[in-house]
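Chains A, B and C, in that order, are what the protein sequence lines are.
Sequential numbering of the first sequence, starting at 1, is according to the working numbering.
Sequential numbering of the second sequence, starting at 108, is according to the working numbering.
Sequential numbering of the third sequence, starting at 269, is according to the working numbering.
Glycine is no exception: its CB is placed at the ideal position from the N, C-alpha and C atoms.
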Amino acid sequence: MPPMDALVVMKTYWIFIVPLAVAGIYCLVATRNFIRVLIGLEIMTKAVTLLIVVSGYASGRLALAQALVVTLIVVEVVVISVAAGIVQGIFHLNDSLDIRKSRNMKG
Amino acid sequence: MTLTIVVLALTLLAATWAVMTGGLIRAVLGLAATSILLTILMFMLGAGLAAVFELSVCAGLITVVFISSISMTQIAAKSDSAKWARGHLRHYWPLPLILVATGAIVAFFCLKLPIELPPPAESVDAKGMLWESRQTDLLGQALALFAGVFGVIVLFKEKEK
Amino acid sequence: MPTYFVLVPLALLLALNLPLGSLGRKAAFPAALALAAAQALAVVFLPASAYSLPFFLSSASSFSFAADGLSRLLLLTIGIVGLASLGVGFGTAERGEERRRFSNLLILAITGMNGIVLVADLFSLYVFLEIVAVCSYILIASRRDSGGLEGAFKYLVLSVLATLMMLSSIALFVLMAGSAGFRAVAGFLAGGTNRGLSVLACALFLGGLCIKAGLVPFHGWLPDAYSGAPPAVSVLLAGIVTKSTGVYSLMRLSSAVFGFAFNMGPALSFIGLVTIVFGAFAAMGQKDMKRMLAYSSLCQVGYIFLGLGTGTILGFAAASSHLFNHAVFKTQLFVNASAIERQTGTRNIDELGGLSKEMPITSWTSVIAFLSAAAIPPLGGFWSKLLSVIALWQAGNIPVAIAAIFTGLLTMVYFLLFQRKVFFGKPVARQAPVVEAPFCMTAPAILLSAITLGVGILFPLTFGTIILPIAGIP
């Protein structure tokens, strides 16, 4: 694949990856529900995952990018599972998933 | 190329729907749809190993984690969720506009940006790369999984009073 | 050789968690204690050349861990703070079960932190940062009380944001440099191509690390996490977790990898100054002892960046020595705060007073720690702050130096007043008489004070032989 073509493809991806990340941020900031916060984080993680793969594609380092993405996915699953555990704990204490009901407002 | 743009647009749409939809379960399904579309994108770029991981772990495992979390917190959620579903769209309507604007800004600034790429490297396949050059990361993965198991044990165990 | 610092704790962890019945359960705490002590002693007694010996399985595996002066300093600090944290954990655990879980998670956290200071690749750094982060979330939330769970959640969200910034940066480096290894990225940045994207990549990565280090304005998670966590976990967080994850990484990257390109130095000094001022003023308004200490930690970490931002060898030496000194005296203060909370049942400053009669060891060790924090000679904290100011002066950054001295004086005044009230003022009437904390908590306090005193008194002697060489290998 001639390098010029790969760069154009990558930039096309960028035009969609950045809004994807913004959607995740918006979800994170505008929500009152703990679980939606996690969904927002997940969406942003997907944007970054795609960014890594497409960077590897453009620079000819797909093998490296894939190795990074595989590790990334495993680590992020652990983080989300622990996060879900924490959210459940908060739910058991407050009987609600509303972030306004917990003492410290996210800031 | 047009196929790529279509799938990219669908991915963004799925994610937007996940953010904007009122019901929690529907949001999680939107997230799963985003994962599946992401898998397709990665296959199209030639990243087969990563695509398979994304599909099985993110579209599969994480969706299960979310849905089981939601079902375990269902009791209070029922009273709140009806309220939330109604008022939800009110907070989120600016989102599509923001997204389109963001995409336009990125296109404007980056399409003509010259980028110099690194010199080509010897081609290795992903499996070789992972097992030979990134063993430190594999060790890290093992430790992270250990931590995850501890997390589940500590956080999900019933409190003995 | 450095690989052992990661593999030995991992092997220990596996051994402890095999289904060997009660033996595995009972051995957790002593095993953790032995590990932390062994790590500290190993760093003190092993000569530098031992670190280049190859790992005995190196033909079968290719883990890339390497240690230089700064890494060894961190390894030592990890061992010391680990010991202190275990002591507090022993004294404050509500059940044997909690103690066992804490020991296991501590060993895992030590493994992660050792990994952080030993890797030579941006992505591997991320992996081990996440390992430590996950251990922190679990530890902070481990008592499942509202303070802990909410503190853990806040920390988690901000930490994931930091992670995402770092990963984006790694993606950009893969794009531009074809690799994420330290040397490759440093080589690429020296080449100076793709300037705009390089600035973005560096800024993203450093920004992510600033969140992890708790620098202003990214410090939002710190006070809640530090004060909501169980006592032993606060000790660990304040003493080493924030330091090894955020501070060490920032030091390593800005000096060795990013090479202080793009005006990074003055930016770091400025962020450091803002953090110092904010932390100092915020600490003064706190009534909860642990929150006060959390804000004061912010302030002290800012000093580390003042020195670092100059980009000089002296600045780096100042940053390294302040990192160590702060780890020692801040751990000390959290250990003592835990002791006070355990013995008196309160963390509210208004309810404490005149403790020197009832808790002499705690009081006097706290005094030493506070004096070090307030930069009174000849204690450790004085020397490292002096070095920072000298480094700033020499680098021509006079206004920042003056501001740092001024804030230092403010901190000094505040701490002296605080000490006087809590330890030497009028005793406050209480229902039950207060006694000194148990040995498991006073022992670490005494050890840490001894280190503070020792480092302080020996500083002029060790400066040339130990401190500068750490900086000379950036």
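For this session: Would you check if there are 3 or more beta carbon pairs closer than 8 Å linking the region 403-420 of chain C to the region 468-475 of chain C?
Result: At 8 Å Cβ cutoff, the stretches do not touch.
Problem set entry | LEU206 of chain B vs GLU42 of chain A beta-carbon contact at 9 Å | On the second sequence, position 99 is the one that residue 206 of chain B refers to. On the first sequence, position 42 is the one that residue 42 of chain A refers to. Remark: C-beta atoms of LEU206 of chain B and GLU42 of chain A do not approach each other more closely than 9 Å.
Exercise. Thinking just about the alpha-carbon of each residue, which of C:ARG363, C:TYR682, C:GLN687 is nearest to the one in SER631 of chain C?
Worked result: On the third sequence, residue 631 of chain C is found 363 positions in, with the first residue counted as 1. It is C:GLN687 whose Cα lies nearest to the Cα of SER631 of chain C.
For this session: Look up ALA121 of chain B in the DSSP assignment and say whether it is helix, strand or coil.
Result: The residue given as residue 121 of chain B occupies position 14 in the second sequence. Here ALA121 of chain B carries a helix assignment [DSSP, helix/strand/coil].
Problem set entry | Bridge partner(s) assigned by DSSP for ASP98 of chain A | Working through the first sequence from its first residue, we reach residue 98 of chain A at position 98. Under the DSSP definition of a beta bridge, ASP98 of chain A partners with A:ASN33.
Exercise. At a CB-CB cut-off below 7 Å, which residues of chain B make contact with ILE15 of chain A?
Worked result: Mapped onto the first sequence, residue 15 of chain A falls at position 15. By Cβ distance, chain B contributes GLY210, VAL213, ALA214.
Exercise. Taking 9 Å as the CB-CB cut-off, is GLU418 of chain C touching chain B?
Worked result: Reading the third sequence from its first residue, position 150 is the one you call residue 418 of chain C. Not one chain B Cβ lies under 9 Å of GLU418 of chain C.
Problem set entry | ALA134 of chain B at chain C interface by Cβ criterion, 9 Å | Here residue 134 of chain B is taken as the residue at index 27 of the second sequence, counted from 1. Chain C, which has no Cβ nearer than 9 Å to the Cβ of ALA134 of chain B, makes this no.
Exercise. Alpha carbon to alpha carbon, what distance is there between GLY507 of chain C and GLY237 of chain C?
Worked result: Coverage of chain C is limited to positions 269 through 742, which leaves residue 237 of chain C absent and any answer about it impossible.
Exercise. How about MET552 of chain C and ILE617 of chain C: do their beta carbons lie closer than 9 Å?
Worked result: On the third sequence, residue 552 of chain C is found 284 positions in, with the first residue counted as 1. On the third sequence, residue 617 of chain C is found 349 positions in, with the first residue counted as 1. Against a cut-off of 9 Å, the Cβ pair of ILE617 of chain C and MET552 of chain C comes out as no contact.
Problem set entry | Residues near VAL78 of chain A in its chain [Cβ-Cβ closer than 6 Å; skip 5 each side] | Sequence index remark: in the first sequence, residue 78 of chain A carries index 78 (1-based). Here the set comprises nothing.
Exercise. Looking at chain B, which residues of the region 67-82 of chain A have a Cβ within less than 7 Å of any of its Cβ atoms?
Worked result: Correct list: ALA67, VAL69, VAL70, THR71, ILE73, VAL74, VAL75, VAL77, VAL78, ILE80, SER81, VAL82.
Exercise. By the criterion of Cβ-Cβ separation under 8 Å, what are the contact partners of GLU223 of chain B in chain C?
Worked result: To locate residue 223 of chain B, count along the second sequence from 1; it is residue 116. Those within 8 Å of GLU223 of chain B in chain C are MET444, THR461, ASN462.
Exercise. How many angstroms separate the CA atom of LYS694 of chain C from the CA atom of GLU619 of chain C?
Worked result: The sequence position of residue 694 of chain C within the third sequence is 426, counting from 1. The sequence position of residue 619 of chain C within the third sequence is 351, counting from 1. LYS694 of chain C and GLU619 of chain C: Cα-Cα distance of roughly 11 Å.
Problem set entry | Whole-angstrom distance between ARG32 of chain A and ILE99 of chain A, CA atom to CA atom | Here residue 99 of chain A is taken as the residue at index 99 of the first sequence, counted from 1. Here residue 32 of chain A is taken as the residue at index 32 of the first sequence, counted from 1. Answer to the nearest angstrom: the Cα atoms are 5 Å apart.
For this session: Give the DSSP-derived three-state secondary structure of ASN462 of chain C in the structure shown.
Result: Translated into the one-based positions of the third sequence, residue 462 of chain C becomes position 194. Residue state, collapsed to three classes: coil.
For this session: Could you tell me whether the region 631-640 of chain C touches the region 569-579 of chain C, where touching means 3 or more Cβ pairs closer than 8 Å?
Result: Fewer than three beta-carbon pairs drawn from the region 631-640 of chain C and the region 569-579 of chain C are found closer than 8 Å, and the two stretches are therefore not classed as touching.
Problem set entry | Alpha-carbon to alpha-carbon, ALA122 of chain B and ILE70 of chain A | On the first sequence, residue 70 of chain A is found 70 positions in, with the first residue counted as 1. On the second sequence, residue 122 of chain B is found 15 positions in, with the first residue counted as 1. Correcting the residue type first, residue 70 of chain A is Val in the shown sequence and not Ile. Taking the Cα positions, VAL70 of chain A is about 22 Å away from ALA122 of chain B.
Exercise. Listing by chain order, which chain A residues have their CB less than 9 Å from the CB of LEU483 of chain C?
Worked result: Numbered from its first residue, the third sequence carries residue 483 of chain C at position 215. Chain A residues near LEU483 of chain C: none, gap ~16 Å exceeds 9 Å.
Exercise. Quick one: what does DSSP say ASP389 of chain C is sitting in, helix, strand or coil?
Worked result: Position 121 of the third sequence, counted from the first residue, corresponds to residue 389 of chain C. For ASP389 of chain C, the three-state secondary structure derived from DSSP is strand.
Problem set entry | Boundaries (first-last residue) of the alpha helix (DSSP H) holding CYS567 of chain C | Working through the third sequence from its first residue, we reach residue 567 of chain C at position 299. For CYS567 of chain C, the enclosing alpha helix (DSSP H) covers residues 557-577.
Exercise. What residues from chain A crowd round THR141 of chain B, counting only those whose CB sits closer than 9 Å?
Worked result: Indexing the second sequence from 1 puts residue 141 of chain B at position 34. Correct list: LEU20, GLU42, ILE43, LYS46.
Exercise. Any chance the region 350-368 of chain C sits against the region 283-302 of chain C, with 3 or more Cβ pairs inside 8 Å?
Worked result: Here the region 350-368 of chain C lies against the region 283-302 of chain C, with 3 or more beta-carbon pairs under 8 Å apart.
Exercise. Which class does GLY449 of chain C belong to by DSSP, given the choice of helix, strand or coil?
Worked result: Here residue 449 of chain C is taken as the residue at index 181 of the third sequence, counted from 1. In this structure, GLY449 of chain C counts as strand in the three-state DSSP scheme.
Exercise. Grouping DSSP H, G and I as helix and E and B as strand, with all else coil, what is ASN382 of chain C?
Worked result: Here residue 382 of chain C corresponds to residue number 114 of the third sequence, with the count starting at 1. Correct three-state label for ASN382 of chain C: helix.
For this session: With DSSP collapsed to three states, give me the class of ASN593 of chain C.
Result: Taking the first residue of the third sequence as 1, we reach residue 593 of chain C at position 325. Correct three-state label for ASN593 of chain C: helix.
Problem set entry | Same chain, Cβ closer than 6 Å to VAL228 of chain C, five either side skipped, listed in chain order | Because chain C in this structure spans residues 269 to 742, residue 228 of chain C falls outside the shown range and cannot be described.
Problem set entry | First through last residue of the alpha helix (DSSP H) which encompasses GLY540 of chain C | Within the third sequence, the letter at position 272 stands for residue 540 of chain C. 532-552 is the extent of the alpha helix (DSSP H) around GLY540 of chain C.
Exercise. So, is the C-beta of LEU62 of chain A closer than 9 Å to a C-beta in chain B?
Worked result: Residue mapping note: residue 62 of chain A aligns to position 62 of the first sequence, counting from 1. So, interface residue.
For this session: Measure from the alpha carbon of LEU7 of chain A to the alpha carbon of each residue in B:SER178, B:ILE260, B:LEU220, then state which is nearest.
Result: By 1-based counting over the first sequence, the position of residue 7 of chain A is 7. Ranking B:SER178, B:ILE260, B:LEU220 by Cα distance to LEU7 of chain A puts B:LEU220 first.
Exercise. With a CB to CB cut of under 7 Å and the five nearest residues on each side skipped, what residues in its chain are close to ASP244 of chain B?
Worked result: What you label residue 244 of chain B is simply residue 137 of the second sequence in a count that begins at 1. Closer than 7 Å at the Cβ level, and outside the excluded window around ASP244 of chain B, lies no residue.
Problem set entry | Under 9 Å between C-beta atoms of LEU131 of chain B and ILE177 of chain B | What you label residue 131 of chain B is simply residue 24 of the second sequence in a count that begins at 1. What you label residue 177 of chain B is simply residue 70 of the second sequence in a count that begins at 1. A contact, by the Cβ cut-off of 9 Å.
Problem set entry | As assigned by DSSP and simplified to three states, the class of LEU252 of chain B | For the purposes of this step, residue 252 of chain B is taken as the residue at position 145 of the second sequence. Helix.
Exercise. Is the shortest distance between the beta-carbon of SER332 of chain C and the beta-carbons of chain A less than 9 Å?
Worked result: Taking the first residue of the third sequence as position 1, residue 332 of chain C is located at position 64. Cβ-Cβ to chain A under 9 Å: no for SER332 of chain C.
Exercise. Who are the near neighbours of VAL657 of chain C in its chain, counting only those whose CB is closer than 7 Å to its CB and skipping five residues on each side?
Worked result: Taking the third sequence and counting its residues from 1, the one referred to as residue 657 of chain C is at position 389. Excluding sequence neighbours, VAL657 of chain C sits near ALA669, ALA672, ILE673.
For this session: Step through the CB atoms of chain A and report whether any lies within less than 9 Å of the CB of PHE391 of chain C.
Result: As a first step, residue 391 of chain C must be located in the third sequence, where it is residue number 123. Chain A contact via Cβ: present.
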